[in-house]
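A.B. asks:
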Ligand SMILES: Cc1cc2nc3c(=O)[nH]c(=O)nc-3n(C[C@H](O)[C@H](O)[C@H](O)COP(=O)(O)OP(=O)(O)OC[C@H]3O[C@@H](n4cnc5c(N)ncnc54)[C@H](O)[C@@H]3O)c2cc1C
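Residue numbers (this note's numbering): 5 to 394.
(1) On the premise that residue 338 lies in contact with residue 360, defined as a C-beta separation below 8 angstroms, what is that separation, rounded to the nearest angstrom?
(2) Return yes when at least one heavy atom of ligand 1 lies under 8 angstroms from the C-beta of residue 344, else no.
(3) Just checking, does the segment 45 to 54 make contact with the segment 285 to 296 on the three C-beta pairs under 8 angstroms criterion?
(4) For the segment 351 to 382, which segments carrying the beta strand (DSSP E) assignment without a break, of at least 3 residues, lie completely within its bounds, in sequence order?
(5) For residue 25, tell me which candidate among 37, 110, 12 and 18 has the shortest Cα-Cα distance.
(6) Where residue 308 and residue 278 are concerned, what is the direct C-alpha to C-alpha distance, given to the nearest angstrom?
(7) What are the complete beta strand (DSSP E) segments, minimum 3 residues, inside the segment 59 to 87?
(8) Where residue 316 and residue 156 are concerned, what is the direct C-alpha to C-alpha distance, given to the nearest angstrom?
(9) So which of 112, 365, 7 and 350 has the shortest CA-CA distance to residue 378?
(10) Mind checking whether the beta-carbon of residue 285 lies closer than 8 angstroms to any heavy atom of ligand 1?
(11) Runs of 3 residues minimum, wholly inside the segment 255 to 312: which ones carry the beta strand (DSSP E) assignment?
(12) Use the C-beta contact count for residue 103: other C-beta atoms within 10 angstroms, 16 or more gives buried, fewer gives exposed.
(13) Using the C-alpha atoms, what's the distance from residue 216 back to residue 202?
(14) Which class does residue 223 belong to by DSSP, given the choice of helix, strand or coil?
(15) Using the Cβ count rule (16 or more neighbours within 10 Å means buried), how would you classify residue 263?
(16) Should residue 144 and residue 126 be called a contact, given that it needs their Cβ atoms to be closer than 9 angstroms?
(17) Where in the segment 108 to 181 do unbroken runs of the alpha helix (DSSP H), each at least 4 residues long, occur, reported from the N-terminal end onward?
(18) Compute the minimum distance between the beta carbon of residue 40 and the heavy atoms of ligand 1, and state whether it is under 8 angstroms.
(19) Return the first residue and the last residue of the beta strand (DSSP E) that residue 238 is part of.
(20) In angstroms with no decimal places, state the Cα-to-Cα distance between residue 252 and residue 196.
(21) Leaving aside the five residues before and after residue 94 along the sequence, list all residues of the same chain whose C-beta is less than 7 angstroms from its C-beta, in chain order.
(22) Could you spell out where the beta strand (DSSP E) holding residue 209 opens and where it closes?
(23) Exposed or buried, residue 343, counting other C-beta atoms within 10 Å across all chains shown (16 or more means buried)?
(24) Is residue 364 near ligand 1, in the sense that its beta carbon is under 8 angstroms from a heavy atom of that ligand?
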């Protein structure tokens, strides 16, 4: 495995929201998002921000995103992602049963809290649809929500209702990746990690890749799997492959928990503000924001301030704000919200790309699908709608 950094998981997988959100996979691209876009664009503190760039890829991404904002497409995407997410959940549980992995993993369930009645009503409709696809979820009123998660007491008066999913997990993605690297490099058939190697381009002859040109020379293999986060599209572009992945910048805060009872034990999502909260060991991880604002992972202190305000309003006594660690990362997002998996026009090149806001949740499922394809086995989940050609 080639990696440009000196360790694994130092980019988008570093300090993400920590949610293994197997039942919350509905894409951002949905009809309900269209009326929200104008107010979001006008407010400085909105969960979604758009900074126009001289970049055709950004505009193409936006047009495809808008085209995907219809009920049929959103339902289809939800169905496909749920299948992949449930598969990932079973693989995660099997992995944890087989290995001692230390990554602050908890099976703590999740509450998605709604602060306006209309969005709670539409969440209940989604609950009914997802029930038909195998999700076990429950709609709670404000009082029951606070009974289930007492740390939400400060917010009770604002709560219209919540959707509770007991079967959701959480964990620290950076620690998980490092634990996985430990297990994989120690296995009977160990993986070799080549760290500090930057891929410059893929070398192809006809419709086969024959090598990877890097700053440390050329590496050759029988088959190649491209899993490069937001860089993937630039690396395949010279081969004539257009991968619709564009960075969607998000922010997180890691805060020490100083008051056990005031911090949530269950993972919480504030639906309107699109902010997620997870307890990771002795820390509270808070994540949110989706900024279509270029390709540089530069922290905007205004956005960090807005996220701090959210925590103050929701869990005011849980943490010591003077010790917060801010971070931003670039989600490798596709307009529809589905990853791009499987083969390419090059017979020995495979893609495992475009995981967007669900890379931790889906990683084990998508990884196994690709491993099966590389080995010539039939993947356990169908790939319709997830392949490069749609
Ligand atoms: C704020 C935020 C919160 C999130 N919360 C959650 C969550 O709660 N749950 C969830 O499931 N997902 C979440 N996500 C999404 C998740 O973090 C991503 O989907 C996931 O990290 C993407 O993984 P990746 O392996 O595709 O990309 P990365 O983790 O970025 O890995 C790509 C790797 O490729 C390497 N690379 C790139 N280019 C080259 C090159 N040219 N040569 C060599 N190496 C290269 C990079 O160094 C990097 O290590 C969140 C994301 C953000 C930003």
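Where a beta carbon is used, it is the ideal one built from N, C-alpha and C, also for glycine.
Since this is a predicted model, take the numbers as computed values, not measurements.
C.D. replies: According to the structure shown:
(1) Rounded to the nearest angstrom, the Cβ distance from residue 360 to residue 338 is 6 angstroms, consistent with a contact under 8 angstroms.
(2) Answer for residue 344: no, Cβ out of range of ligand 1.
(3) With the rule of 3 Cβ pairs closer than 8 angstroms, the segment 45 to 54 counts as touching the segment 285 to 296.
(4) The segment 351 to 382 is shown to contain whole beta strand (DSSP E) runs of 3 or more residues at 353 to 357, in chain order.
(5) Closest option to residue 25, Cα to Cα, is 110.
(6) Approximately 14 angstroms between the Cα atoms of the pair.
(7) Qualifying beta strand (DSSP E) stretches: none in this window.
(8) Cα to Cα, residue 316 sits roughly 12 angstroms from residue 156.
(9) If you compare the alpha carbons of 112, 365, 7 and 350 with that of residue 378, the shortest gap goes to 350.
(10) For residue 285, the shortest separation between its Cβ and any heavy atom of ligand 1 does not lie below 8 angstroms.
(11) Restricted to the segment 255 to 312, the beta strand (DSSP E) segments that are unbroken, complete and at least 3 residues in length are 271 to 274, 279 to 284 and 287 to 296, listed in chain order.
(12) Answer is exposed; the Cβ neighbour count stays below 16.
(13) In a straight line, the C-alpha of residue 202 is about 10 angstroms away from that of residue 216.
(14) In the structure shown, residue 223 sits in a strand (DSSP, three-state: E or B).
(15) With fewer than 16 other CB atoms across the displayed protein chains lying within 10 angstroms of its CB, residue 263 is exposed.
(16) It is not a contact, given that the beta carbons lie outside the stated cut-off.
(17) Taken in chain order, the unbroken stretches of alpha helix (DSSP H) that lie wholly in the segment 108 to 181 and span 4 residues or more are 121 to 135 and 146 to 152.
(18) No, Cβ of residue 40 sits at least 8 angstroms from all heavy atoms of ligand 1.
(19) Unbroken run through residue 238 is the alpha helix (DSSP H), 236 to 240; no beta strand (DSSP E).
(20) Their Cα atoms are separated by approximately 31 angstroms.
(21) Excluding sequence neighbours, residue 94 sits near nothing in its chain.
(22) Element bounds for residue 209: 203 to 209.
(23) The residue in question, residue 343, is buried, as its Cβ has 16 or more Cβ neighbours within 10 Å.
(24) Yes, the beta carbon of residue 364 sits closer than 8 angstroms to at least one heavy atom of ligand 1.
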